[in-house]
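Written below as structure tokens is the structure these notes are about.
2 protein chains.
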Amino acid sequence: MPTAEDAELPLTAWTVLGVLSFPGERSGYDIKSWADRSLRFFYWSPALSQVYRELRRLEELGFATSTLAPQDELRNKRLYRITDAGRAALTRWAGRTPDSPPVMKHGVMLRVWLGHLLGPDELRAVLTDHIEWALGMARDAAALEASAHRQLLWPYPELALRWSWRFYESEAELARQLLSDVDELEAARGHSPGGSET
Amino acid sequence: MPTAEDAELPLTAWTVLGVLSFPGERSGYDIKSWADRSLRFFYWSPALSQVYRELRRLEELGFATSTLAPQDELRNKRLYRITDAGRAALTRWAGRTPDSPPVMKHGVMLRVWLGHLLGPDELRAVLTDHIEWALGMARDAAALEASAHRQLLWPYPELALRWSWRFYESEAELARQLLSDVDELEAARGHSPGGSET
DNA sequence: GGGAGCATGTAACGGGTTACATGATTGG
DNA sequence: CCAATCATGTAACCCGTTACATGCTCCC
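Residue numbers (the numbering used here), protein chains in the order written: chain E, 4 to 201; chain X, 4 to 201.
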């Protein structure tokens with residue numbers, strides 16, 4: 004029997020359990036859809052196979068239970084729900100200040116950092132693409148927040164979405180500032196120092 | 004013989020090769036120190052054992068060469084340097100727009116999203132801790148940029164550091180906004196709508 | 001008829017971590 | 001004398017992904 008009482012679990016496990024903490028029963032597939040729809044803005048969405056694995060583990064730990072819901076003769080759908088022990092453990096986890104900081108792997112900044120290898124135009128292209136992407140994410144998050152708001156759904160997930168669109172807008176703004184830093188650098192480097200306009 | 008010509012490599016491999024793209028020779032230990040010092044602001048710093056593994060792979064691919072520098076009878080130090088092929092591959096990689104977006108695993112936002120489990124004070128504590136942390140990161144990045152600037156070191160890494168402190172300041176600002184969103188939510192929820200002060 | 005969505009699961013693999021093992025040098 | 005830093009590397013393990021396997025229903 005696996006150890007109960009405050010196991011050390013990867014963030015993904017808490018994420019899956021977190022989805023289950025909202026009222027109702029869900030299949031693994033449902034959970035993955037949820038994550039893809041709204042969680043992905045601030046948490047890397049795990050692969051479906053990983054979701055299934057975490058669900059099995061949560062059940063072993065007694066943090067969730069599942070029931071088999073036969074829909075046809077052949078098909079089975081396993082529906083999970085959180086247990087009291089699961090909710091208690093999740094609540095304790097959520098109340099703890101994160102032990103590890105947000106994980107970042109920023110491919111764009113890695114490229115900027117390697118700017119000495121690129122021509123200024125290539126670097127600018129990477130940055131403008133990134134701005135496009137960030138603005139698209141901001142729009143998606145804003146649209147989702149708006150629809151959540153209209154439906155008066157869960158208030159905290161809505162706050163998280165509001166944070167998300169602000170985050171991606173600010174990501175775009177930071178990239179714009181970087182772009183102008185790059186321009187300045189190139190200007191200072193190209194012709195003798197003294198030019199002040201773009 | 005491993006496949007040359009534009010291998011698909013994890014970001015970490017390009018990161019390690021990236022460190023080698025700056026003039027000079029370096030040991031695995033050196034590379035890890037570099038990453039911990041400055042790269043960590045925008046790229047999750049890999050474990051030392053992983054750095055060594057990537058170095059071996061880069062050498063197999065012909066992207067780096069190493070020489071053994073005996074310092075004493077017993078101790079050996081392996082110094083790596085980038086090859087022309089490695090520089091060419093890295094340059095091609097850097098010029099490509101990232102295929103995958105920045106990876107984010109934001110434990111704090113996960114907790115906000117689960118706000119229904121927490122009392123408002125616990126949630127606020129998580130957020131204020133996060134603000135502290137972000138401001139600390141901003142300070143560290145700014146200090147590093149200042150020292151890099153004084154020494155007139157590499158301009159692009161300096162730009163990356165400038166981006167970094169702006170990023171962490173903006174992370175703090177976003178958390179402050181969230182904090183006031185939480186206050187508003189609690190106010191609307193606690194006593195009948197109409198109260199406006201804290 | 002075919003593709004998209006619903007639904008679950010296994011197998012193989014790779015990425016990455018921690019713990020372990022070893023040992024020298026430098027500075028408080 | 002002890003801790004920190006320099007220095008390299010192995011082994012065990014876990015996290016997580018992709019590819020594979022299967023099959024239904026709904027809609028175009």
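Note that beta-carbon positions come from the ideal geometry of N, C-alpha and C, so glycine has one too.
Reduced DSSP category for E/T18 - H, G, I as helix; E, B as strand; rest coil: helix
Residues near E/Y46 in its chain [Cβ-Cβ closer than 7 Å; skip 5 each side]: T18
First and last residue of the uninterrupted beta strand (DSSP E) at E/R81: N79 to I85
Whole-angstrom distance between X/V129 and E/R99, CA atom to CA atom: 7 Å
E/E11 burial status per 10 Å Cβ neighbour count (16 or more: buried): exposed
Within 7 Å of chain E by C-beta, residues of the region 164-183 of chain X in sequence order: R165, W166, R169, F170, S173, L177, Q180 and L181
Check whether X/R43 and E/L177 have beta carbons under 7 Å apart: no
For E/A91, the nearest candidate out of X/L117, X/S103, X/R90 and X/K108 (CA to CA): X/L117
Residue-level contact to chain X via CB, E/E125, 7 Å cutoff: yes
Separation of E/A175 from E/H233, as counted between CA atoms: Look at the range of chain E in this structure, 4 to 201, and you will see that residue 233 of chain E is not part of it.
The alpha helix (DSSP H) enclosing X/T68, as first and last residue numbers: No alpha helix (DSSP H) contains X/T68, which is instead part of the beta strand (DSSP E) from A67 to P73.
Three CB pairs or more closer than 8 Å across the region 180-191 of chain X and the region 147-165 of chain E: yes
Under 7 Å between C-beta atoms of X/S24 and X/L82: no
Residues from the region 91-109 of chain X in contact with chain E, defined by Cβ distance under 9 Å: L93, T94, W96, A97, G98, R99, T100, P101, D102, S103, P104, P105, V106, M107, K108 and H109
Alpha helix (DSSP H) segment containing E/Y171, residue limits: Per DSSP, E/Y171 belongs to the alpha helix (DSSP H) from P158 to G193.
For E/R43, three-class secondary structure by DSSP: helix
Expected contact under 8 Å - CB spacing of E/K108 and X/L61 to nearest Å: No, E/K108 and X/L61 are not in contact; Cβ-Cβ is about 19 Å, not under 8 Å.
Limits of the unbroken alpha helix (DSSP H) element including X/P49: Here X/P49 belongs to no alpha helix (DSSP H), and DSSP marks it neither H nor E.
Straight-line Cα distance separating X/G110 from E/W96: 11 Å
CB contact below 7 Å: X/P26 versus chain E: Contacts with chain E at 7 Å (Cβ-Cβ) do not include X/P26.
Contact with chain E by X/R153, beta-carbon distance below 7 Å: no
Chain X contacts made by the region 31-45 of chain E, where a contact means CB separation under 7 Å: F45
DSSP beta-bridge partners of X/V115: Beta-bridge pairing links X/V115 to no other residue.
Alpha carbon of E/H119 to alpha carbon of E/N79, nearest angstrom: 56 Å
For X/R153, the first and last residue of its enclosing alpha helix (DSSP H): Note, X/R153: alpha helix (DSSP H), P123 to R153.
Proximity test, Cβ basis, 7 Å: X/G89 and chain E: no
Any chain X beta carbon closer than 7 Å to E/A16: no
Three-state secondary structure (DSSP) of X/R60: helix
Partner residues on chain E for X/D143, Cβ-Cβ distance less than 8 Å: Those within 8 Å of X/D143 in chain E number zero; the least Cβ separation is about 12 Å.
Neighbour list for X/G118 in chain E, Cβ cutoff strictly below 9 Å: A97, W157, P158, Y159, P160, L162 and A163
Beta-carbon proximity check, E/E57 vs E/A88, cutoff 7 Å: no
E/A144 versus X/W166: straight-line alpha-carbon distance, rounded: 23 Å
X/R179 to E/A141 span [Cα, whole Å]: 19 Å
8 Å CB neighbourhood of X/E268 in its chain, flanking five on each side removed: Here chain X covers residues 4 to 201 and nothing more, so residue 268 of chain X does not appear.
Pairwise C-alpha distance: E/S173 and E/T94: 30 Å
Listed by chain order, chain E residues near X/R114 by CB distance under 7 Å: A97
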